[in-house]
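Numbering (this note's numbering) for the sequence shown: 171 to 472.
For each residue, glycine too, the CB sits at the ideal point set by N, CA and C.
The structure appears below as structure tokens.
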Amino acid sequence: LSTFRPPLSTVRSSQETIKLRGSFASKSHEHENLPSEGSSGKFESGSSSSRNLVQDRVESNTLPLGNIDQSPTPVKQPIKKEDWMDQQISFSLSEFLKNLYSLHVTFSQLNTPTEQLTITSKRRINRTPVVMSSVQGRDSQVIHFNRIVKTDGAPCPLPVLIGRFVRLVNFMTCFHSELLKALGIDPREFPSQNAALIKWLLTEIFNPSTGFPIIGNITNQKLVEGLVKQEIENPFRTLDALLSGYFGRPEADYDPSKAACVLINYWYPSEQTHIYQKFFNDQEQFMGLLKKIYLEFYVPNS
171 LSTFRPPLST VRSSQETIKL RGSFASKSHE HENLPSEGSS GKFESGSSSS
221 RNLVQDRVES NTLPLGNIDQ SPTPVKQPIK KEDWMDQQIS FSLSEFLKNL
271 YSLHVTFSQL NTPTEQLTIT SKRRINRTPV VMSSVQGRDS QVIHFNRIVK
321 TDGAPCPLPV LIGRFVRLVN FMTCFHSELL KALGIDPREF PSQNAALIKW
371 LLTEIFNPST GFPIIGNITN QKLVEGLVKQ EIENPFRTLD ALLSGYFGRP
421 EADYDPSKAA CVLINYWYPS EQTHIYQKFF NDQEQFMGLL KKIYLEFYVP
471 NS
């Protein structure tokens, strides 16, 4: 992590030049449907419905990635991205990089002698590629943070995290667009619908309602205490385990197209959007349409 230097000039220029369509403008934020960055460097809260999206009611066997089988199909059709899609993907990447940079500053301080920081403990979260570290500074204050690790326990390289995020957002945006087309939704609604989806994804990665992210500073001290006292075996929800698994699994085992379908499937029913309420009776029917899109389309250069 100490060698990572995100292209901040690129991030800033992306924010200044990208003008997204849809309902992004608001009085209090430059972009309504994507997360804003607070003074702490972390994303501020989204809506309570999006932040409480997938609670314990989502069981671990609800549509894991492997449930979309690769049946024999005709040649897949490429999805041609529109301008608004490229713009949203670029903006979401800039937000992802800003979060990683703020965490990079925290992590790199561990190697700065003047800070006199010491790691007091490390704990692997069961059945996930996430390690919780506790760090004590010279003021005796202890902070706790999570990071994704490889199978050998070493931190996952940031270029890997960035590359996987870019591919995931590409597939989510393109598959989401095909879903909206299949439902006959007014194309003018596409940008705002997808912006809300991507905002949710970023929030769930860095600042979930649980206060226990897959990457970043932990704010839920009760969960930390429960882990230390071994009163809690795994504080992650199914969604957290799915996201961390996507970023941490070996290269040969991960599939951004499957992950995109499953994440869209989590978001729509839990948000109870007007689109889901209007067109679907249950989650199985919704997933059936996503599976059809998965089998018939691919995203070039993702």
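- Taking Lys-392 as reference, the option from Lys-251, Leu-331, Glu-401 and Gly-458 with the minimal CA-CA separation is Glu-401.
- Contact check for Ser-379 against Val-300 fails: the beta carbons are separated by 8 Å or more.
- The bridge partners DSSP lists for Gln-306 are Thr-288 and Val-312.
- Looking at the DSSP output, Tyr-468 shares a beta bridge with Pro-248.
- A residue is called buried when at least 16 other Cβ atoms come within 10 angstroms of its Cβ; Ala-422 does not meet this threshold and is exposed.
- Around the beta carbon of Pro-361, 16 or more other beta carbons sit within 10 angstroms, so the residue counts as buried.
- The segment 394-413 makes no contact with the segment 323-332; the number of CB pairs closer than 8 Å stays below 3.
- For the 8 Å CB-CB criterion, Pro-248 and Leu-338 do not form a contact.
- Taking a contact as a CB-CB distance under 8 Å, the pair Asn-316 and Asn-404 does not count as one, their CB atoms being some 12 Å apart.
- The straight-line gap separating the alpha-carbon atoms of Val-245 and Leu-371 is approximately 30 Å.
- Every beta strand (DSSP E) of 3 residues or more that sits fully in the segment 306-365 is shown, in chain order, as 312-318.
- DSSP, read as helix, strand or coil, puts Gly-381 in coil.
- CA-CA distance, Asn-387 to Pro-439, rounds to 29 Å.
- In this model, Ala-365 and Gln-258 are separated by some 7 Å (Cα to Cα).
- Going by C-alpha positions, His-444 is about 29 Å away from Phe-406.
- Shown here for Asn-435: same chain residues with a beta carbon closer than 8 Å to its own, the five before and five after excluded, namely Leu-233, Gln-453, Phe-456, Met-457 and Leu-460 in chain order.
- By the CB criterion at 8 Å, Ala-411 and Thr-298 fall inside the cutoff.
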